[in-house]
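Colleague: The numbers in the sequence shown follow the numbering used here, run straight up by one, and end at 814. Don't be surprised by glycine CBs; every beta carbon is placed ideally from N, CA and C. Here it is: the structure, laid out below.
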Amino acid sequence: MYTPYAELDQVLTGLVAAAREILGDTYVGAYVQGSFALGAGDLHSDCDFVIATTEPPSGRVEAGLRVLHDELPTGEGFWCKEIEGSYADIASLKTSEGLGTPWLYCDHGHRVLIWDTHCNSLHTRWILRHKGIVLDGPPIASLVDEPSPDAMRAAMREELHGLVDGVRAWAPFDIAWTQRYIVSTCCRVLYTLRTAEVESKRGALEWAREHLDPRWRPLLTQVLQDRELGWDPEDPPRPGSLEAACEFAAYAESLDPDRGC
Numbered sequence: 554m555y556t557p558y559a560e561l562d563q564v565l566t567g568l569v570a571a572a573r574e575i576l577g578d579t580y581v582g583a584y585v586q587g588s589f590a591l592g593a594g595d596l597h598s599d600c601d602f603v604i605a606t607t608e609p610p611s612g613r614v615e616a617g618l619r620v621l622h623d624e625l626p627t628g629e630g631f632w633c634k635e636i637e638g639s640y641a642d643i644a645s646l647k648t649s650e651g652l653g654t655p656w657l658y659c660d661h662g663h664r665v666l667i668w669d670t671h672c673n674s675l676h677t678r679w680i681l682r683h684k685g686i687v688l689d690g691p692p693i694a695s696l697v698d699e700p701s702p703d704a705m706r707a708a709m710r711e712e713l714h715g716l717v718d719g720v721r722a723w724a725p726f727d728i729a730w731t732q733r734y735i736v737s738t739c740c741r742v743l744y745t746l747r748t749a750e751v752e753s754k755r756g757a758l759e760w761a762r763e764h765l766d767p768r769w770r771p772l773l774t775q776v777l778q779d780r781e782l783g784w785d786p787e788d789p790p791r792p793g794s795l796e797a798a799c800e801f802a803a804y805a806e807s808l809d810p811d812r813g814c
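If you want it as structure tokens, here you go:
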């Protein structure tokens with residue numbers, strides 16, 4: 554068992570087998586990262602994968618992967634629509650020097666692959682290196698170097714700066730999910746600033762309730778409890794909760810990153 558869900562394991566096994574056949578000699582290995590690797594994946598999580606290759610997919614291989622991911626979400630069941638991840642060439646995956654290199658990327662539930670840097674982050678490298686689940690191939694630690702604590706913290710400082718405006722550019726502010734996303738993302742960023750490690754959204758929220766100013770506990774508790782609501786475009790934020798989330802983001806940004814929180 555790779556995950557707590559037999560159906561998801563079956564989807565992952567099928568994805569790996571199909572991708573390995575398409576990639577041929579360029580296939581290296583397949584791995585789970587994200588919330589499932591961190592031990593916090595549930596029915597409200599997508600399942601994040603990285604498939605390592607010797608070179609970026611192109612030509613016939615890229616076309617084959619596009620067909621594969623066009624068909625995957627049309628299958629029966631729940632989890633075939635909850636897959637997200639990238640095809641990462643091992644040269645750009647190995648070290649932070651590869652940051653900024655676009656990888657062929659499957660967005661959550663989408664049928665069209667795009668070239669994007671979404672998974673190409675120190676955050677992903679840390680999870681793979683420390684918690685990655687091997688679906689097939691060599692140990693992931695042999696493919697990914699240890700991100701330095703200074704680099705991890707620097708990346709989080711950059712993400713924290715202007716976080717709300719960044720979210721506003723792509724997420725609707727009239728649904729409750731966005732309010733929860735802002736708060737949980739701030740907590741994950743602050744956790745990494747303190748520890749130079751990565752925690753799940755739920756774990757970071759629980760950590761924040763214990764370590765941040767107690768005045769934020771009602772907000773953090775609300776976000777934890779409302780996680781079960783999932784994504785619902787018809788569900789507006791609780792009255793005042795979006796304003797509280799933006800205030801929390803400003804509080805998070807105001808903390809001195811050099812002394813932690």
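1) Would you mind working out which of A583, A571 and G594 sits nearest S753, comparing C-alpha positions?
2) Between the alpha carbons of C814 and H663, how many angstroms are there, rounded?
3) Work out the CA separation of G577 and V776 for me, nearest whole Å.
4) Just to check, is the beta-carbon of C740 closer than 8 Å to a non-hydrogen atom of the ligand SAH?
5) Does the Cβ-Cβ distance between A644 and I604 come in under 9 Å?
6) Name the residue from T654, H714 and I728 whose alpha carbon lies nearest to the alpha carbon of T738.
7) DSSP on S649, reduced to helix/strand/coil?
8) Which same chain residues end up closer than 6 Å to A572 when comparing Cβ atoms and leaving out the 5 residues on each side of it in sequence?
9) Pop quiz: L817 and Y555 are said to be a contact at Cβ under 8 Å. What is the actual Cβ separation, rounded to whole angstroms?
10) Exposed or buried, which one is G685 when buried takes at least 16 other CB atoms within 10 Å?
11) With DSSP as the reference, identify every bridge partner of D669, one or two as the case may be.
12) Cβ atoms of K647 and V697: under 9 Å apart, would you say?
13) Residue range of the alpha helix (DSSP H) that A593 falls in?
14) Straight-line CA distance for G612 to Y580?
15) Could you check which residue in W656, G628, M709 and P655 has the C-alpha nearest to that of L808?
Modeller: Considering the structure as presented:
1) G594
2) Caution applies to C814, whose pLDDT of 45 falls short of 50 and renders its modelled position unreliable; the model cannot decide the point.
3) For the pair V776 and G577, the Cα-to-Cα distance works out to about 44 Å.
4) Annotation note on the ligand SAH: not contained in the displayed structure, which lists no ligands.
5) It is not a contact, given that the beta carbons lie outside the stated cut-off.
6) H714
7) helix
8) I604
9) The chain is shown only over 554 to 814; residue 817 falls outside these bounds and no answer can be derived.
10) buried
11) W656
12) yes
13) Per DSSP, A593 belongs to no alpha helix (DSSP H) and is neither H nor E.
14) 15 Å
15) M709
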